[in-house]
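Colleague: Under our numbering, the first residue of the sequence shown is numbered 90, with each subsequent residue one higher.
Before I ask anything, let me first share the structure, which is written out below as structure tokens.
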Amino acid sequence: MRGAPLGAALAVATLAFSGCGAEEKTSSSESESSGGGAASSEAAEQKVEQQLGGSCTLEQYGGKASDLKSATVGFSQSEKEANPFRVAETQSIRDEAKKVGVKRLIVTNANSQLNKQISDIQDLVARGVDALVVAPLNSEGLEPALAAARKRDVPVITVDRKLTGPEHCKDYLTFIGSDFVQQGQRAADAMIKATGGKGNVAILLGSSGNNVTEDRNKGFLDRMKEKAPGIKIVAQQTGEFLREKGQSV
90 MRGAPLGAAL
100 AVATLAFSGC
110 GAEEKTSSSE
120 SESSGGGAAS
130 SEAAEQKVEQ
140 QLGGSCTLEQ
150 YGGKASDLKS
160 ATVGFSQSEK
170 EANPFRVAET
180 QSIRDEAKKV
190 GVKRLIVTNA
200 NSQLNKQISD
210 IQDLVARGVD
220 ALVVAPLNSE
230 GLEPALAAAR
240 KRDVPVITVD
250 RKLTGPEHCK
260 DYLTFIGSDF
270 VQQGQRAADA
280 MIKATGGKGN
290 VAILLGSSGN
300 NVTEDRNKGF
310 LDRMKEKAPG
320 IKIVAQQTGE
330 FLREKGQSV
């Protein structure tokens, strides 16, 4: 379940605008949900499981305190909303913005193009947003966009995929996401249970260049090596997080 970070992002924005500390966090579900999509996202309970870094106040970042009820917030979505998760993710931030009373929410979609996400973020900054929530397409490459926000001291909250180059509290305010290594471990546990710990397995990867793919794969492979030496990984190919491509490889 990955819907909660979006609601948490606006909660962090509320804290940040009031001058309180914002910390890099990962979250995981406290209970498993049986369904998919937005409904299951609402059903699963979330908890903050790990603090990844120290706190960063809005003052330390260089931003100005404000009130979300009079603020304009920008949300930069990364991937095509043909992906059901992205549909639910965008809707969740719309719902949360309405719930906490954000005056104006501007949503953009990069349609899986890094250059477009950079220009989307730069455009949001030029339009005078008071805060940005960004779902990065890749863990690297958004430096020009972050620099534009930094130049105007616009607080940036990243969700889902962790940035590997930019620095916390310098280039962005905070990161909120899931423990993807743990997700890979859980997938491995389910595979071991389904196969009895023996068999040939092919891995369908997400897109390269982001921590989601790398961490899930690491968690999966490490758990397999630890608990199921009788399972052989016979192939690994990328499906780019696209159902159609995953069905064709």
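We put the CB at the ideal spot given by N, CA and C, even for glycine.
The structure presented is a predicted model; accordingly, all values stated were derived computationally and were not measured.
Within 10 angstroms of its Cβ, does Lys178 collect 16 or more other Cβ (buried), or is it exposed?
Modeller: For the record, residue 178 in the displayed sequence is Glu; it is not Lys. Buried, since its Cβ has 16 or more Cβ neighbours within 10 Å.
Colleague: Hey, Thr247 and Val218 are a contact pair by Cβ (cut 8 Å); roughly how many whole angstroms apart?
Modeller: Rounded, the Cβ-Cβ distance is 15 Å, inconsistent with contact.
Colleague: Would you be able to state if there are at least three C-beta pairs under 8 Å between the region 224-235 and the region 197-210?
Modeller: Flag = yes, the region 197-210 and the region 224-235 touch.
Colleague: If distances are taken between C-alpha atoms only, which option among Gly254, Gly230, Val214 and Leu194 comes closest to Arg239?
Modeller: Checked all of Gly254, Gly230, Val214 and Leu194; the closest Cα to Arg239 is Val214.
Colleague: Can you list, in chain order, the residues of its chain whose CB lies under 6 Å from that of Thr197, leaving out five sequence neighbours each side?
Modeller: Excluding residues within five positions, the ones whose Cβ falls inside 6 Å are Ser165 and Asp209.
Colleague: For a quick check, are the C-beta atoms of Ala237 and Gln211 less than 7 Å apart?
Modeller: Going by C-beta atoms, Ala237 is nearer than 7 Å to Gln211.
Colleague: So is Gly254 buried or exposed if we call it buried at 16+ other beta carbons inside 10 Å?
Modeller: The residue is exposed, with fewer than 16 neighbouring Cβ atoms inside 10 Å.
Colleague: Assuming Phe330 contacts Glu185 (C-beta within less than 8 Å), just tell me the rounded distance between them.
Modeller: Not really, about 23 Å apart at Cβ, beyond 8 Å.
Colleague: Looking at the secondary structure, which residues open and close the beta strand (DSSP E) in which Lys321 lies?
Modeller: Element bounds for Lys321: Ile320 to Thr327.
Colleague: List the DSSP bridge partners of Ala220.
Modeller: Ala220 pairs with Val162.
Colleague: In chain order, what residues of the same chain lie with their CB nearer than 8 Å to the CB of Arg183, ignoring the 5 residues before and after it?
Modeller: Result list for Arg183: Leu194 and Val196, in chain order.
Colleague: With respect to the alpha helix (DSSP H) encompassing Gly266, which residues constitute its N-terminal and C-terminal limits?
Modeller: Careful: Gly266 lies outside any alpha helix (DSSP H), inside the beta strand (DSSP E) at Thr263 to Ser267.
Colleague: Going along the chain, which residues of its own chain have a beta-carbon closer than 6 Å to the beta-carbon of Gly124, five neighbours each way excluded?
Modeller: With a pLDDT of 36 at Gly124, under the threshold of 50, the predicted position of this residue should be treated as unreliable, and no value is reported.
Colleague: Assign Pro318 to one of two classes, buried (16 or more other C-beta atoms within 10 Å of its C-beta) or exposed (fewer than that).
Modeller: The residue in question, Pro318, is exposed, as its Cβ has fewer than 16 Cβ neighbours within 10 Å.
Colleague: Kindly give me the distance between the Cβ atoms of Gly328 and Lys334, rounded to whole angstroms, as I take these residues to be in contact under 8 Å.
Modeller: That pair is a contact at about 5 Å.
Colleague: List the endpoints of the continuous alpha helix (DSSP H) containing Asn300.
Modeller: From DSSP, the alpha helix (DSSP H) with Asn300 extends over Asn300 to Lys316.
Colleague: Residue ranges of each beta strand (DSSP E) run of no fewer than 3 residues wholly in the region 190-235, ordered along the chain?
Modeller: Fully enclosed beta strand (DSSP E) runs of 3 or longer: 193-198 and 220-223.
Colleague: Measuring only the C-alpha atoms, how far is Met313 from Asp260?
Modeller: Cα-Cα distance, rounded: 37 Å.
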